[in-house]
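Written below as structure tokens is the structure these notes are about.
Protein chains: 2
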Amino acid sequence: MIIVKIGGGSTINIEGVIKDIAEIKEEVIIIHGANALRDELAEKLGRPKKVVTSVSGYSSVFSDESAIDVMMMAYAGLRNKRIVELCQRSGINAVGLTGLDGRLVQGKRNAGIRVREGGKTRILHDFSGKPQSINTGLLKLLLGNDYVPVISVPIADENGVAINSENDDIVGVLQEAMAADTIVQLIEAPGFLDDPDDESTLVREMSGDELARREEQVQGRMKRKMLALKKLLVKTGCQVIIADGRRENPLMDALNHIGTVIK
Amino acid sequence: MIIVKIGGGSTINIEGVIKDIAEIKEEVIIIHGANALRDELAEKLGRPKKVVTSVSGYSSVFSDESAIDVMMMAYAGLRNKRIVELCQRSGINAVGLTGLDGRLVQGKRNAGIRVREGGKTRILHDFSGKPQSINTGLLKLLLGNDYVPVISVPIADENGVAINSENDDIVGVLQEAMAADTIVQLIEAPGFLDDPDDESTLVREMSGDELARREEQVQGRMKRKMLALKKLLVKTGCQVIIADGRRENPLMDALNHIGTVIK
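Protein chains in written order, with my numbering: chain V, 1 to 263; chain P, 1 to 263.
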């Protein structure tokens, strides 16, 4: 089983990804972002995204009720359904689901984000949390009947409330629950870059140890992604390929190891 | 089986409907609108809804690609997922689906809408069509595993392309495919009114013959609804209750025949 994570950047060649999925024989689960779409919509609606940085240095989106509304529109609405449509047009019998649907992805609400404000530490509460378990029964029901799940945030908290969560964390929980052997992450870069500003510095292979070392180097959202990857590799030892989602055949090229292969 | 159609008006008490659904024992399929939300979003995004009236007198939304985008955000995104969330919070294991997902609702694209413009008849092409069949396999798979389907537009055309369709028509095809014995339509009025401007003129019971007669009287969207209802009754003889979605217990009251009962 391959988990294909389609990044939420605006230049990802989604049509190309779906065409590639139509060609491969292995079981596939799609999980997608929509952050460019979300940011654009939030801006148009006059509700710009709020980003906060915790005292431990991880930055995250602050998700109030209005931010969850925008997320539902951009992720679960427009992006998810346009991907399902592309699948259906390519002969892939896709079913789009958020973590709320059948409590597919059940999480734990964050206690709060500790931030520094005006020299003081404050705790901010929002609708966000960490994924903890997958309704594998529902996924297997669909996969067993030849449906391809297309998954998006929000996920459900302990009480069924819609919360935001990092896609990289969801991928980790999903991989463990479904025992996928390959994860392909399609992003707006050729893979993991030694120098983020120089695409020629692609790192073609990375061991788990190197990943841990590099986590120290990076900042912001990439730090969070590296942390999620590290957890994934420690737990399972599956193959992760970070590859360029902007190419003509993003998934085929990724499966041919054009990108960063982490084992 | 009961099909509960939740209207898309802004004053419908959705929380009340979901609480009622949590109380009843019968199998339920939810189908919902979101027109107030869609109109509000379209306005905010500077893409106001276009309504055209065909030469035969039926008015309908003109759905270009941008209108389908807005529909996906409002119906499949925000409204569908907030309803699924309310269900999950009330212990109902809901799964939200559009007609695209697993080609749940397969339709036929409209050839075009014949309109009069500047004294001439023109044909306008858009992304809209009529539902024709239901993927009963997917619905039964979910219902058989105790999931409650929450259905929304868009639906899929012959090629898997997202198209808009009238919810009343979808309800008709759904009823026939699933052999539901009761349809409850929750709207922003006490039921069918003899005088649309006077809520005291509620028609408590209506026969199929009377429905046909009244179809002649009404205009615009209500005409379309009456036509869909007529088709439904002619084909199946199931019970239709049109009731007030703004009440504290909208579904319970409807099932107790507070509204218009059509047999």
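C-beta: ideal position from N, C-alpha, C; glycine also.
For residue i versus residue j, is the C-beta spacing smaller than 8 Å?
| i | j | result |
| --- | --- | --- |
| residue 96(P) | residue 161(P) | no |
| residue 201(V) | residue 239(V) | no |
| residue 90(P) | residue 22(P) | yes |
| residue 173(P) | residue 133(P) | yes |
| residue 41(P) | residue 73(P) | yes |
| residue 167(P) | residue 31(P) | yes |
| residue 39(V) | residue 93(V) | no |
| residue 188(V) | residue 86(V) | no |
| residue 37(V) | residue 141(P) | no |
Take residue i and list the residues in its own chain whose beta-carbon comes closer than 7 Å to its own, dropping the five residues that flank it on each side.
| i | result |
| --- | --- |
| residue 226(V) | 211, 214, 215, 218 |
| residue 194(V) | 201, 203 |
| residue 26(V) | 1, 2 |
| residue 48(V) | 42 |
Identify, in the order they occur along the chain, each residue of the same chain with its Cβ nearer than 8 Å to the Cβ of residue i, setting aside the five sequence neighbours on each side.
| i | result |
| --- | --- |
| residue 186(P) | 4, 5, 6, 7, 12, 17, 243, 244, 245, 250, 251, 254 |
| residue 230(P) | 208, 211, 212, 215 |
| residue 266(V) | Within the shown structure, residues of chain V are numbered from 1 to 263, placing residue 266(V) beyond reach of any answer. |
Considering residue i, what are the terminal residues of the alpha helix (DSSP H) in which it resides?
| i | result |
| --- | --- |
| residue 219(V) | Element bounds for residue 219(V): n/a, residue is neither H nor E. |
| residue 136(P) | 136-144 |
| residue 170(P) | 167-178 |
| residue 49(P) | Here residue 49(P) belongs to no alpha helix (DSSP H), and DSSP marks it neither H nor E. |
| residue 15(V) | 14-23 |
| residue 81(P) | 80-89 |
| residue 70(V) | 65-71 |
| residue 253(P) | 250-255 |
What does the Cβ neighbour count give for residue i, buried or exposed, with the cut at 16 atoms within 10 Å?
| i | result |
| --- | --- |
| residue 125(P) | exposed |
| residue 55(P) | exposed |
| residue 123(V) | exposed |
| residue 131(P) | buried |
| residue 121(P) | exposed |
| residue 20(V) | buried |
| residue 35(V) | buried |
| residue 57(P) | exposed |
| residue 198(V) | exposed |
| residue 24(V) | exposed |
| residue 156(P) | buried |
| residue 180(V) | buried |
| residue 144(V) | exposed |
| residue 46(P) | exposed |
If you drop the 5 nearest sequence neighbours on each side, which residues of the same chain put their C-beta closer than 6 Å to that of residue i?
| i | result |
| --- | --- |
| residue 136(V) | 177 |
| residue 259(V) | 191, 241, 242, 243 |
| residue 128(V) | 63, 110, 163, 164 |
| residue 84(V) | 94, 96, 150 |
| residue 222(P) | none |
| residue 33(V) | 7, 8, 167 |
| residue 247(P) | 253 |
Identify the continuous beta strand (DSSP E) that holds residue i and give its terminal residues.
| i | result |
| --- | --- |
| residue 123(V) | 120-124 |
| residue 262(P) | 260-262 |
| residue 203(P) | Residue 203(P) -> no beta strand (DSSP E), and no H or E assigned at all. |
| residue 243(V) | 239-244 |
| residue 4(V) | 2-6 |
| residue 60(P) | 59-62 |
| residue 94(P) | 94-98 |
| residue 117(P) | 113-117 |
| residue 149(P) | 148-152 |
| residue 28(V) | 28-32 |
| residue 182(P) | 182-187 |
| residue 109(V) | 105-109 |
Is there contact here, the segment 115-124 of chain P with the segment 89-105 of chain P, by at least three beta-carbon pairs under 8 Å?
-> no
Is it a yes or a no for the segment 76-86 of chain P touching the segment 76-83 of chain V, going by three-plus beta-carbon pairs under 8 Å?
-> yes
Mind the definition here: the segment 105-113 of chain P touches the segment 163-172 of chain P only if three or more C-beta pairs lie below 8 Å; say whether that holds.
-> yes
Any 3 or more C-beta pairs closer than 8 Å across the segment 138-153 of chain V and the segment 200-209 of chain V | no
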